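One structure is given here, and the rest of the page talks about it.
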Amino acid sequence: MESIKNRRTIRKYKQQDISADLLNELLEESFRASTMGNMQLYSVVVTRDAEMKAKLAPAHFNQPMVTSAPVVLTFCADFNRFSKWCRQRKAEPGYNNFISFLNAATDALLVTQNFCTLAEENGLGICFLGTTIYNPDQIIEILGLPEQVIPVATITVGYPDEHPEQPDRLPLRGIVHEERYHDYSPEMIDDIYAYKESLPENKHFVEINHTETLAQIFTNIRYKKSDNDYMSAGLKRVLIQQGFLDE
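Letter 200 of the sequence shown, counting from 1, is numbered 200 in UniProt numbering, and no numbers are missing.
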């Protein structure tokens with residue numbers, strides 16, 4: 001699929017609506033994704049209303065795509081629906097545990113990727129928001145998510161109003177391991193990351209952020225340990241609140 005080879009993240013969208021028929025068709029096709037035990041442990045919240053998008057924006061650090069995209073989709077790990085079905089059929093569910101959250105999150109992410117691929121093949125642009133698991137408590141409250149439902153991915157969707165450069169990717173040799181995992185030597189690390197480090201935009205990032213290396217931008221600025229620890233604690237609280245972990 002050319003759309004996969006040429007894909008790029010779209011953050012600017014035309015003020016053109018996405019028809020309900022097209023969106024529902026793409027979602028229904030995306031639900032053909034592989035799923036744990038054919039349980040379909042996911043739900044999707046479709047947000048079109050401008051007021052609702054404005055409420056969601058702070059949970060995503062006010063990234064402008066949230067309010068400018070015609071549609072925002074929140075993909076959720078969902079054991080609520082399946083558990084209710086079990087109880088209504090005289091079966092006691094035992095899914096209030098971490099492994100069940102992982103199974104449901106995996107289901108939801110497989111569907112998310114299916115949707116993104118289908119949307120781009122149909123001329124739409126998407127942006128994946130990794131902020132969803134940073135502030136799940138806010139999203140849960142805004143969207144009214146019940147126990148055993150946790151948001152794991154948010155996608156903004158619309159017709160592209162830009163054509164940005166494709167981001168770089170690591171070479172195949174740096175990711176694929178034949179037969180067993182082969183750990184990386186210092187020389188291999190230098191080779192795998194050489195192209196990324198050579199890009200003018202990345203050299204510019206290093207310069208304007210006054211760091212010595214590109215890696216320091218990730219560890220000291222973009223994804224700091226203190227932030228990761230803080231958000232990890234928040235996610236753990238949400239897992240307890242939503243019934244996937246014991247206190």
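The beta carbon of each residue, even a glycine, is placed where N, CA and C say it ideally should be. Bear in mind that the values here come from a model prediction, so they are computed numbers and not experimental data.
DSSP-derived helix/strand/coil call for VAL72: Per DSSP, reduced to three states, the secondary structure at VAL72 is strand.
Backbone CA spacing between ILE18 and ILE140 [nearest angstrom]: Approximately 25 angstroms, taken between the alpha carbons.
Cα-Cα separation, VAL45 to ILE240: 22 angstroms
Sheet register partners of GLY158 (DSSP bridge): DSSP output for GLY158 lists GLY125 as bridge partner(s).
Counted within 10 angstroms of its Cβ, other Cβ atoms place VAL238 as buried (16 or more) or exposed: buried
Opening and closing residue of the beta strand (DSSP E) in which PRO44 lies: Note on residue identity: the sequence assigns Val, not Pro, to residue 44. Where VAL44 is concerned, the enclosing beta strand (DSSP E) starts and stops at 42–47.
Where the alpha helix (DSSP H) containing ASN201 begins and where it ends: Sequence check: residue 201 is Glu here, not Asn. That run of the alpha helix (DSSP H) goes 200–208.
Stretch pair the segment 113–126 + the segment 182–200: three plus CB contacts closer than 8 angstroms: no
Contact check, VAL149 vs ASP78, beta carbons under 7 angstroms: yes
Identity of the residues DSSP links to VAL149 by a beta bridge: ASP78
Bridge-paired residues (DSSP) for TYR13: PRO160
Range covered by the alpha helix (DSSP H) that runs through ASP137: 136–143
For SER152, the nearest candidate out of TYR42, LYS5, ARG11 and ILE10 (CA to CA): Here residue 152 is Val; the residue named in the question, Ser, does not match the sequence. The shortest Cα separation from VAL152 among TYR42, LYS5, ARG11 and ILE10 belongs to TYR42.
Under 7 angstroms between C-beta atoms of LEU26 and ALA119: yes
C-beta contact flag for LYS12 and GLU162 at 7 angstroms: yes
Among TYR181, PRO93 and TYR134, the one whose alpha carbon lies nearest that of LEU56: TYR134
Straight-line Cα distance separating ASP191 from CYS76: 38 angstroms
GLN63 - DSSP class collapsed to helix/strand/coil: coil
Buried versus exposed, by CB contacts within 10 Å (16 or more), MET65: buried
Contact belief for TYR159 with LEU129 at Cβ below 8 angstroms, rounded distance in angstroms: 18 angstroms between Cβ atoms; not a contact.
For MET231, the first and last residue of its enclosing alpha helix (DSSP H): 225–241
Check whether ASN209 and PRO146 have beta carbons under 7 angstroms apart: no
Residue environment, ASN103, which counts as buried when at least 16 other CB atoms sit within 10 Å: Result: buried.
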